[in-house]
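**Q**
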Amino acid sequence: MNFTITRYLLILPILLSLFSCKKEEEKEESINGIPKIIFSRPSNGKTWYIGSQVKIDFSVAAVNGTVSKIKKVTTTKKYDNNAEEPLLLFDFDMANNVFRKGDTTFLKTVTVHSFKGWFKVRNIKGTEVYTIKVTTEDGFTNTGSVTLNVTDVSLLPEVSLLNPSKDTTITAGTAINLNIQCTSNSSSQLNLEKFKIMLSLDNQAPNPFLDSTLASNKSSYNFKSLFKTRDSVAGSEKLVFYLTDESNQTKVRELVITTVK
Numbered sequence: 003m004n005f006t007i008t009r010y011l012l013i014l015p016i017l018l019s020l021f022s023c024k025k026e027e028e029k030e031e032s033i034n035g036i037p038k039i040i041f042s043r044p045s046n047g048k049t050w051y052i053g054s055q056v057k058i059d060f061s062v063a064a065v066n067g068t069v070s071k072i073k074k075v076t077t078t079k080k081y082d083n084n085a086e087e088p089l090l091l092f093d094f095d096m097a098n099n100v101f102r103k104g105d106t107t108f109l110k111t112v113t114v115h116s117f118k119g120w121f122k123v124r125n126i127k128g129t130e131v132y133t134i135k136v137t138t139e140d141g142f143t144n145t146g147s148v149t150l151n152v153t154d155v156s157l158l159p160e161v162s163l164l165n166p167s168k169d170t171t172i173t174a175g176t177a178i179n180l181n182i183q184c185t186s187n188s189s190s191q192l193n194l195e196k197f198k199i200m201l202s203l204d205n206q207a208p209n210p211f212l213d214s215t216l217a218s219n220k221s222s223y224n225f226k227s228l229f230k231t232r233d234s235v236a237g238s239e240k241l242v243f244y245l246t247d248e249s250n251q252t253k254v255r256e257l258v259i260t261t262v263k
């Protein structure tokens, strides 16, 4: 009798361990079925100017690194403390698959990884919450949301002239080491999108000098370049800098270089 009890007590931990492993496997399978939502843009908690166009970019993936087939994607918006309502996304791209423009729910039976689109914030200051709900074929769901603060105060990005720091006069044919610091507005901290330079000689029509799309998720950019003025030509050479952030607000700054012989 004692031998039987002893043998049972020895086997019991093994049985409990097997049962525990089975539960862990079931739990892991359940977790792996839930799609994961990762927002690339817009960033949570940042401040946007009224009426701004907001780009939305997010991806869906299961916890184990695979993606279940997506059956349904729903987008909603909530203004201040009002009730949630459907959000119309435009130019929405589900891994380059065709969709009906403006729909808030997209039915798919394919594996989808990334989503891109845009919407506009209201022309009223306040708080806006945007929520994505994803449902897989096998019924697993997940939601993700971002909150945007909307202001009626213009939040233009900043263009700072480090060198030269202001309009200057130099000898024709001289080269200048341009140093231009670009930053997002300190109150918004939005990402920068584009940096463009136009060059106008002697007040003539400007011509493109630089047109650059900036790296994503950056709120600052430093432009350095050697700029050589015309040889033996007295006159003016005006550089106009255009800095655009992700809300499509553009700061314009000019630098006039006067050349003398």
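Take the position in the sequence shown, starting the count at 1, then add 2; the result is the number in this note's numbering.
C-beta atoms are modelled at their ideal positions from N, C-alpha and C, and glycine is treated no differently.
Taking only the alpha-carbon atoms, compute the straight-line gap between L180 and N165 and give it to the nearest angstrom.
**A** Walking along the sequence shown from the start, residue 180 turns up at place 178. Walking along the sequence shown from the start, residue 165 turns up at place 163. Whole-angstrom Cα-Cα distance: 5 Å.
**Q** In whole angstroms, give me the CA-to-CA distance for L157 and G141.
**A** Looking up residue 157 in the sequence shown gives position 155. Looking up residue 141 in the sequence shown gives position 139. Approximately 43 Å between the Cα atoms of the pair.
**Q** Of the residues K48, Y51, T77, which one's Cα is nearest the Cα of I39?
**A** Translated into the one-based positions of the sequence shown, residue 39 becomes position 37. The shortest Cα separation from I39 among K48, Y51, T77 belongs to T77.
**Q** If you drop the 5 nearest sequence neighbours on each side, which residues of the same chain put their C-beta closer than 8 Å to that of S42?
**A** By one-based count along the sequence shown, residue 42 stands at place 40. The answer, listed in chain order, is D59, F60, S61, S218, N219.
**Q** What are the boundary residues of the beta strand (DSSP E) that includes A177?
**A** Looking up residue 177 in the sequence shown gives position 175. It spans 177-185 - the beta strand (DSSP E) in which A177 sits, taken as one unbroken run.
**Q** State buried or exposed for K226, treating a residue as buried only when at least 16 other CB atoms are found within 10 Å of its CB.
**A** For this step, residue 226 is matched to residue 224 along the sequence shown. So K226 counts as exposed.
**Q** Just to check my reading of the structure: T260 and T252 have Cβ atoms closer than 8 Å, yes? What is that Cβ distance to the nearest angstrom?
**A** Here residue 260 is taken as the residue at index 258 of the sequence shown, counted from 1. Here residue 252 is taken as the residue at index 250 of the sequence shown, counted from 1. With a Cβ gap of about 26 Å, T260 and T252 do not count as contacting.
**Q** Applying the criterion that 16 or more other CB atoms from any shown protein chain within 10 Å of the CB defines a buried residue, is F243 buried or exposed?
**A** Along the sequence shown, read from residue 1 onward, the residue named residue 243 stands at position 241. Answer is buried; the Cβ neighbour count reaches 16.
**Q** On the DSSP bridge assignment, give the partners of D59 in chain order.
**A** Here residue 59 refers to the residue found at position 57 of the sequence shown. DSSP, once it has assigned bridges, lists R43, K118 as partnering D59.
**Q** Inspect the CB distances between the segment 118-136 and the segment 43-58 and report whether three or more fall short of 8 Å.
**A** Touching, per the Cβ criterion.
**Q** By alpha-carbon positions, which one of R255, S234, D233, Y81 ends up nearest to L241?
**A** As a working note, residue 241 is residue 239 in the sequence shown. Taking only the C-alpha atoms, the option nearest L241 is R255.
**Q** Can you tell me where the beta strand (DSSP E) holding T149 begins and where it ends?
**A** Here residue 149 refers to the residue found at position 147 of the sequence shown. 143-153 is the extent of the beta strand (DSSP E) around T149.
**Q** Determine the extent of the beta strand (DSSP E) in which K74 is found, giving its start and end residues.
**A** Taking the first residue of the sequence shown as position 1, residue 74 is located at position 72. Run containing K74: 72-81, per the beta strand (DSSP E) assignment.
**Q** N193: buried (16+ other C-beta within 10 angstroms of its C-beta) or exposed?
**A** Position 191 of the sequence shown, counted from the first residue, corresponds to residue 193. Under this definition N193 is a buried residue.
**Q** In the DSSP assignment, what residue or residues form a beta bridge with D247?
**A** As a first step, residue 247 is located in the sequence shown; it is residue number 245 there, counting from the start. Note: D247 sits in a beta bridge opposite L194.
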